[in-house]
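Structure, as structure tokens:
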Amino acid sequence: MKGDSKFDIGSVIGITLGFIVLFIGFYDVTPVSKITPDMQFEMYQNKILLNPLGTIQYKTEDGPGKVLPGILGDYGNTINFFIDIKSIIIVLLGVLAATFVNLPLSAFGDIVNVTKVIFRNESYDYVGTIDRICERATKARKDGILSLEKDLEEMKNPFFRKGIEIAINEKEVTRLRFLLVQEKDAIEDRHIAGAELYSCMAGYSPAFGMLGTVMGLVIMMNSFGGGEVEAGAAPQSTAEKFSGLLSGMAMALVTTFYGVFFANVFFTPMAGKLKRKDEMEMLHKNVIIEGVVSIKQNEHPLIIKEKLMTMVPPDVVLTLQDENREVS
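All the letters of the sequence shown, read from the start, carry residue numbers 459 to 786 under the working numbering.
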């Protein structure tokens, strides 16, 4: 039976943004051979306004000209070489366009919450979880599993509470495990979707950096040929053309720099961090699943603790072993 087919507006948005990226790359481009000293000074002025870090001295044919002071003085000049708003827009807008085409629009609906997870440090109390599981196991062996129904409101962990609730109402242990694993897998799928979003961005970022560089090189190579010389204007020498070409090439390579920078400083680490956090949470949920199933099977609390100790990190095992020594 064929499912319902709906129009994917996300792909249209992505393709539209892709063409906008191209137009941004083409727009307001002045050939190297057409740049006059006055135009060059205006370009420097605009650059110092966008990034007022370094000092730029405007040079004329007669010698040094006006000085455009920056916040960091001469120390900021190197930083100025790497600041280019147009390159940043090409990379980020291009990445967004490709991601819109690749993933469904619904994947972007939870991007704010997913990003919050990256900057939130979550820890899991394995010792407390195992102790609470053993307490519930002791009570279930003594008064029956139905007695745990009174404790549901006191259970702070939603997954543990749901597991005990299913264990009370489900007769078969096999089906209990299946339902809990299914619930855990649904949570994991949502986590993977969030990590996939940043993984896609990490893959596309260097590609759009290279795209911006190629566009810049194509424009410069065409400009290097010269073109019509205005009446009364002296033709540029080969040295002047090469100087303009190398300067423009440096700016074109900045786009590749931003593509690699965003991929390796932001997108790839973010995707990796989401995957690590997912692994930590799934391990904690596996401990809960095994504990709930053991309670349902009416196993002894000491056996449950020994079983769960094989699933947790080594530092947790040492803590639990110390507790056992104190009890004995």
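Where is the CB? At the ideal position from N, CA and C, for every residue including glycine.
**Request:** Take the Cβ of L776 as the centre, count every other Cβ of all protein chains shown within 10 Å, and call the residue buried at 16 or more, exposed below.
**Result:** exposed
**Request:** Report the residue from I482, I473, L475 and V470 whose alpha carbon sits nearest the alpha carbon of M673.
**Result:** I482
**Asked** Nearest to A729 by CA position, among S657, I543, L563 and Q640, is which residue?
**Response** S657
**Through-space distance from K464 to P562, alpha-carbon basis** = 12 Å
**Request:** Would you tell me roughly how many angstroms separate the C-alpha atoms of V718 and L638, rounded to the nearest one?
**Result:** 41 Å
**Message:** Just to confirm, is the Cβ distance from M769 to V751 under 8 Å?
**Reply:** no
**Item:** Alpha carbon of R578 to alpha carbon of D589, nearest angstrom
**Value:** 26 Å
**Prompt:** Do you know offhand how far L554's Cα is from I546's?
**Reply:** 12 Å
**Item:** Of the listed residues K735, M659, G476 and G749, nearest to A721 (C-alpha basis)
**Value:** M659
**Item:** Three-way DSSP call (helix, strand, coil) for V770 in this model
**Value:** coil
**Message:** Can you list, in chain order, the residues of its chain with a C-beta nearer than 8 Å to that of D736? Leave out the 5 residues immediately preceding and following it.
**Reply:** E646, H649, I650 and A653
**Asked** What's the C-alpha gap between I473 and T557?
**Response** 10 Å
**Request:** Give the C-beta separation of K642 and K743 to the nearest angstrom, bearing in mind that I take them to be a contact with Cβ-Cβ under 8 Å.
**Result:** 5 Å
**Asked** With respect to the alpha helix (DSSP H) encompassing Y582, which residues constitute its N-terminal and C-terminal limits?
**Response** Per DSSP, Y582 belongs to no alpha helix (DSSP H) and is neither H nor E.
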